[in-house]
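Notes to accompany the following structure.
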Amino acid sequence: IPGQKVVLITGCSSGIGLRMAVMLANDEQKRYHVIATMRDLKRKDKLVEAAGDAYGKTLSLAVLDVCSDESVKQCINGIKDRHVDILINNAGIGLVGPLESIPIEEMKKVFETNFFGVIRMIKEVMPDMKKRRGGHIIVVSSVMGLQGVVFNDVYAASKFAMEGFCESLAVQLLKFNVTLSMIEPGPVHTEFEAKMIQDVRQKEYPGTDPETVNYFKNVYLPSSVDIFEALGQTPDDIAKVSSHLIYFISNSPRFRNMTNPLYTPIVALKYADETGGLSVHAFYHMLFNLVCSYALISFHCRLVI
């Protein structure tokens with residue numbers, strides 16, 4: 001349709017990507033044609049059902065693995081004139097647990113998706129956007145790209161890397177009238193998050209001392225569940241932020257866009273103290289407080305018994 005913007009979204013089989021795709025495809029003014037991508041189209045059913053009448057009209061599907069150079073190139077080449085107005089980099093994976101138990105290969109997988117996957121996508125669409133002197137690149141980052149969180153060391157590192165990459169690239173893109181924006185969610189209620197917490201509870205952690213495993217399982221995990229219940233957002237909440245950015249693209253959307261205002265004070269702690277000690281000690285006391293003392297007492301009692 002003439003005048004329609006082409007929106008390419010990665011990681012649309014569930015969660016945030018699915019909701020973004022559906023929300024934009026069902027735009028009442030039909031301003032967008034959404035290309036919703038995923039690694040395996042066998043997982044398309046939830047998206048197709050949620051899209052309703054938009055499927056096949058303002059929403060189409062494409063296979064895309066952000067970890068494969070060939071897959072990325074093939075996907076973009078399959079789009080008419082390789083024309084993408086808006087790229088939403090949503091695909092990502094998590095990793096949580098004591099560092100000593102995490103193989104380097106697992107860490108590389110996180111960076112391959114969360115960092116290099118985004119770079120592959122941007123490298124493929126950026127030259128055409130620069131030639132056209134227009135376009136919008138959106139990266140779904142995380143508040144963990146601003147403030148590290150205990151036992152999320154590798155995941156936070158992948159998001160910190162992405163934040164630095166985007167800060168640098170945004171300056172160059174301004175010269176070509178291409179906008180780069182980041183969306184920084186906090187906890188999000190998704191099947192992925194629920195399954196991950198369930199899995200890590202049941203895992204063994206070879207190579208990690210018993211005290212650290214106890215902290216992780218009996219202090220961190222229960223606290224995480226409480227935080228998700230109290231502060232967690234839905235994928236729809238995040239999708240609304242993304243669609244808001246796109247609707248107002250002509251008004252120069254902000255570079256950083258935190259979706260949960262409850263996290264603003266936490267991030268502010270980091271920037272209020274140039275030594276970094278304030279945020280580190282604040283998080284320490286948030287986690288290893290009285291609850292931790294009870295867990296330690298229980299842990300040591302079991303050792304004695």
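Under UniProt numbering, read the sequence shown as residues 1 to 305, first letter to last.
The C-beta atom is built at its ideal place from N, Cα and C for all residues, glycine as well.
As the structure is a prediction and not an experimental result, all values here were calculated from the model.
Boundaries of the beta strand (DSSP E) harbouring VAL139: 135-140, taken from the DSSP string. Under the three-pair Cβ rule at 8 Å, the segment 108-115 does not count as touching the segment 145-152. In the assembly as shown, GLN147 is a buried residue. Its beta-carbon has 16 or more other beta-carbons within 10 Å. Spatial neighbours of GLY134 in its own chain (CB-CB distance under 8 Å, excluding positions within 5 residues in sequence) are listed in chain order as ASP85, ASN177, VAL178.
Put simply, of GLY145, GLU204, SER181 the residue whose alpha carbon is nearest the alpha carbon of PRO253 is SER181. Secondary structure at HIS285: helix, using DSSP grouped into helix, strand and coil. Around the beta-carbon of GLY186, 16 or more other beta-carbon atoms lie within 10 Å, marking it buried.
The beta carbons of VAL66 and GLY117 sit closer together than 8 Å. When rounded, the separation of the alpha-carbon atoms in ARG39 and THR275 is 43 Å. TYR32 carries a strand assignment under DSSP once its states are collapsed to helix, strand and coil. Sorting CYS12, PHE160, ALA268 by C-alpha distance to the C-alpha of ALA50 places CYS12 at the top.
Under the three-state reduction of DSSP, GLU112 is assigned to helix. In this structure, GLN4 places its C-beta atom within 8 Å of the C-beta atom of HIS33. Here DSSP, grouped into helix, strand and coil, assigns THR264 to helix. Counted as a single uninterrupted DSSP element, the beta strand (DSSP E) harbouring VAL6 occupies residues 5-9.
Minimum Cα-Cα distance from ASP128 among the listed residues GLY92, PHE160, LYS80, GLY94 corresponds to LYS80.
A distance below 8 Å separates the beta carbons of VAL267 and VAL143. In this model, LYS217 and GLU204 are separated by some 10 Å (Cα to Cα). Look at GLU184 here: in three-state DSSP terms it is strand. In the structure shown, LEU59 adopts extended strand secondary structure according to DSSP, grouped into three states. Residues of the same chain with a CB within less than 6 Å of the CB of LEU99, apart from the 5 flanking positions on each side, are ASP153 in chain order. About 5 Å separates the CB atoms of ALA54 and ASN26; that is less than 8 Å, so the two are in contact. LEU146: not part of any alpha helix (DSSP H); DSSP gives it neither H nor E. For the 8 Å CB-CB criterion, ARG256 and GLU184 form a contact.
Exclusion of the five residues before and after TYR220 leaves PHE151 as the residues of its chain whose Cβ lies within less than 6 Å of its Cβ. Shown here, ASN218 sits in a helix according to DSSP, grouped into three states.
By the C-beta density criterion, MET286 is exposed, having fewer than 16 other C-beta atoms within 10 angstroms.
Take THR208, set aside five residues on each side of it, and the residues of its chain with a beta-carbon closer than 6 Å to its own are PRO98, GLU100, SER101, in chain order. SER141 is the residue among SER141, ASP199, LEU174, ASN214 whose C-alpha sits nearest the C-alpha of ASN260.
Taking the CA atoms as reference points, ARG19 sits about 20 Å from MET121.
Residue burial is scored here from C-beta neighbours: ILE88 has at least 16 other C-beta atoms within 10 angstroms and is therefore classed as buried.
The residues GLU184, in chain order, have a CB closer than 6 Å to that of MET258 in the same chain once the five nearest residues on each side in sequence are set aside.
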